[in-house]
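A.B. asks: Numbering (the UniProt record's numbering), first residue to last: 1 to 180.
Where a beta carbon is used, it is the ideal one built from N, C-alpha and C, also for glycine.
Please find one structure pasted underneath; my questions will follow.
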């Protein structure tokens, strides 16, 4: 999971540019939630997840290569150094924290209540995964990790070459390579 949601300065810069984001958070990230009676409590995301009741979770079934079911809790909370509340989500691969082997934490600055649903968060981040796969493979296969940007034009040229080379390599992997 991309953890850029932990970088408050990065999130501020995105928001200053009026850009929308959905990013991962660390399980030990502290958030400020409003309890009954308007009392605010600072709590780590993992502890918050453990304190949620069964009714706080929504079961979502994804139709990927194979069907996958996750449980999602969506809530609003404050993050220190950011003004106002954000929508956060906790996603796990079981119906309870005790049974879960994968738990992910997300933040978004999308505020529309009809958009920010459990289903939207999971589907949006699942689609984003393929971008992450590309960058991981491009770093390994094509030396993107070692590239240093000098100017915008060089960067664009490099990315065009990386995309072409990546497509070429992937096509050969999927079609049996040069032995065809």
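Can you tell me whether residue 121 is helix, strand or coil according to DSSP?
C.D. replies: Along the chain shown, read from residue 1 onward, the residue named residue 121 stands at position 121. Residue 121 falls in the helix class under three-state DSSP.
A.B. asks: Under the three-state reduction of DSSP, which class applies to residue 149: helix, strand or coil?
C.D. replies: One-based indexing of the chain shown puts residue 149 at position 149. Looking at residue 149 - three-state DSSP - the assignment turns out to be coil, as it is neither helix nor strand.
A.B. asks: Within a Cβ cutoff of 8 Å, which residues of the same chain sit near residue 40, ignoring the five residues on either side of it in sequence?
C.D. replies: Translated into positions along the chain shown, residue 40 becomes position 40. Closer than 8 Å at Cβ, skipping near neighbours: 32, 33, 34, 78.
A.B. asks: In or out: residue 168 buried (at least 16 other Cβ within 10 Å) or exposed?
C.D. replies: As a first step, residue 168 is located in the chain shown; it is residue number 168 there, counting from the start. With fewer than 16 other Cβ atoms within 10 Å, it is exposed.
A.B. asks: Quick check: the Cα distance between residue 20 and residue 75, rounded to an integer number of angstroms?
C.D. replies: On the chain shown, position 20 is the one that residue 20 refers to. On the chain shown, position 75 is the one that residue 75 refers to. Whole-angstrom Cα-Cα distance: 18 Å.
A.B. asks: Can you confirm whether the region 151-162 touches the region 95-102 when touching is taken to mean that 3 or more C-beta pairs between the two stretches lie within less than 8 Å?
C.D. replies: Touching, no, given that fewer than three Cβ pairs across the two stretches are closer than 8 Å.
A.B. asks: How many Å lie between residue 67 and residue 61 at the Cα?
C.D. replies: Counting from 1 along the chain shown, the entry for residue 67 is found at position 67. Counting from 1 along the chain shown, the entry for residue 61 is found at position 61. Distance between the alpha carbons of residue 67 and residue 61 is about 7 Å.
A.B. asks: Near residue 15, what residues of its chain come up, given a Cβ to Cβ distance below 7 Å and the 5 sequence neighbours on each side ignored?
C.D. replies: As a first step, residue 15 is located in the chain shown; it is residue number 15 there, counting from the start. Here the set comprises 109.
A.B. asks: Run through DSSP, which three-state label would residue 169 get?
C.D. replies: For the purposes of this step, residue 169 is taken as residue 169 along the chain shown, with counting starting at 1. DSSP places residue 169 in helix when its eight states are reduced to three.
A.B. asks: Please check the pair residue 24 and residue 105, which I expect to be a contact at CB under 8 Å, by giving their CB distance rounded to whole angstroms.
C.D. replies: Reading the chain shown from its first residue, position 24 is the one you call residue 24. Reading the chain shown from its first residue, position 105 is the one you call residue 105. Residue 24 to residue 105, Cβ: 7 Å. Contact.
A.B. asks: Any idea what DSSP makes of residue 133, helix, strand or coil?
C.D. replies: Position 133 of the chain shown, counted from the start, is the residue given in the question as residue 133. The answer is helix: DSSP assigns residue 133 an H, G or I state.
A.B. asks: Who pairs with residue 88 in a beta bridge, going by DSSP?
C.D. replies: For the purposes of this step, residue 88 is identified with residue 88 of the chain shown, where counting begins at 1. DSSP lists 75, 107 as partners of residue 88.
A.B. asks: Three or more beta-carbon pairs under 8 Å between the region 41-58 and the region 83-97, yes or no?
C.D. replies: The region 41-58 vs the region 83-97: in contact.
A.B. asks: For the beta strand (DSSP E) holding residue 102, just list the boundary residues, first then last.
C.D. replies: Numbered from 1 along the chain shown, position 102 holds the residue referred to as residue 102. Taken as a continuous stretch (DSSP letters only), residue 102 belongs to no beta strand (DSSP E), as it is neither H nor E.
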